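Residue numbers for the sequence shown follow UniProt numbering, so the first one is 1 and each next one is one higher. Before any comments, here is the structure.
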Amino acid sequence: MRRRRFLKTSTGVGIVLLAGCAGDDTGTGEFRLLISDQPMAIEEFDSLDVTLSSARIFQAGDDEELTSAVVNDTVNETEEGEDGDGEGFVEFDIDNVTVDLTTVKGDRAVSVVEGELEAGRYSGIELRVANAEGVVDGESVDVMVPSDRLRIVRPFEIGADEELDFVFDITVIQKGPTGGYNLLPVIGKSGVAGDDVEVEEVEPEETG
């Protein structure tokens with residue numbers, strides 16, 4: 001799994017650095033990102049395969065005040081970190097891993113990212129979605145992801161030599177009587193495993 005670190009410059013242009021080339025020696029912690037699904041319209045699905053291409057972990061500024069929130073689909077289509085006054089983000093390539101959300105309902109979750117993060121404060125996470133395919137009563141249905149990304153502001157901190165699991169919970173809602181569904185993050189069910197949320201981890205092969 002490849003990791004890239006992006007920093008913002010005064011001109012707003014993203015700079016790509018090789019992993020491990022940060023200037024300050026603050027140590028790293030072991031980070032894992034798990035995907036779960038809050039039961040709602042998911043109960044209607046035979047399967048709901050969501051293919052993820054990457055995950056961005058947004059860094060928080062030293063004096064930045066953070067409040068948990070879901071970020072709507074009005075995200076600027078640029079390569080720099082859109083994290084307000086933060087310092088940028090770390091990006092993990094997920095290599096188009098597919099998760100069937102019907103297999104990770106409730107407290108069940110599956111790991112999609114395992115790697116190192118610099119010790120420090122982080123403001124939230126964004127998932128890039130390559131594809132979403134749903135089947136209801138044996139028929140394919142339209143499943144939309146606004147801007148092809150799911151993002152939450154959910155602050156957390158990782159220390160040097162610490163192991164931290166973060167659960168990113170996703171739900172699917174029906175758009176209306178005309179049919180079709182939207183994927184959305186669930187802030188209240190997302191957070192650090194063991195502190196903010198409880199989780200029952202399943203192996204990738206159990207997700208279909």
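Glycine included, each C-beta is placed from N, C-alpha and C at the ideal position. Being a predicted model, the structure only gives us computed values, none of them experimental.
| request: For D169, I'd like the list of residues in its chain whose CB is within less than 6 Å of its CB, leaving aside the five on either flank, ordered along the chain. | output: To locate residue 169, count along the sequence shown from 1; it is residue 169. These residues qualify, in order along the chain: S36, Q38, V186, K189, S190.
| message | On the DSSP bridge list, what partners appear for G48? | response | Translated into the one-based positions of the sequence shown, residue 48 becomes position 48. Strictly speaking, residue 48 in this sequence is Leu, with Gly absent from that position. Looking at the DSSP output, L48 shares a beta bridge with G134.
| said: Using a 10 Å radius around the Cβ and a threshold of 16 neighbouring Cβ atoms, would you call A60 buried or exposed? | reply: The count along the sequence shown starts at 1 and reaches residue 60 at position 60. Buried is the call here.
| field | Whole-angstrom distance between T98 and K175, CA atom to CA atom | value | Counting from one through the sequence shown, the residue named residue 175 turns up at place 175. Counting from one through the sequence shown, the residue named residue 98 turns up at place 98. One C-alpha to the other measures close to 23 Å.
| Quick check: the region 126–142 against the region 43–57, are there 3 or more CB pairs under 8 Å? | Yes: at least three Cβ pairs fall under 8 Å.
| said: Can you check which of these residues, F45, G27, V110, is closest to T165 by C-alpha distance? | reply: Sequence index remark: in the sequence shown, residue 165 carries index 165 (1-based). Note on residue identity: the sequence assigns Asp, not Thr, to residue 165. Of F45, G27, V110, the smallest CA-CA separation from D165 is found for V110.
| query | Is it buried or exposed for S47, if we count other Cβ within 10 angstroms and need 16 for buried? | reply | Reading the sequence shown from its first residue, position 47 is the one you call residue 47. By the neighbour-count rule (16 or more Cβ atoms within 10 Å), S47 is not buried but exposed.
| query | What three-state label does DSSP hand T103 in the structure shown? | reply | Here residue 103 refers to the residue found at position 103 when the sequence shown is read from its first residue. Three-state result, T103: helix.
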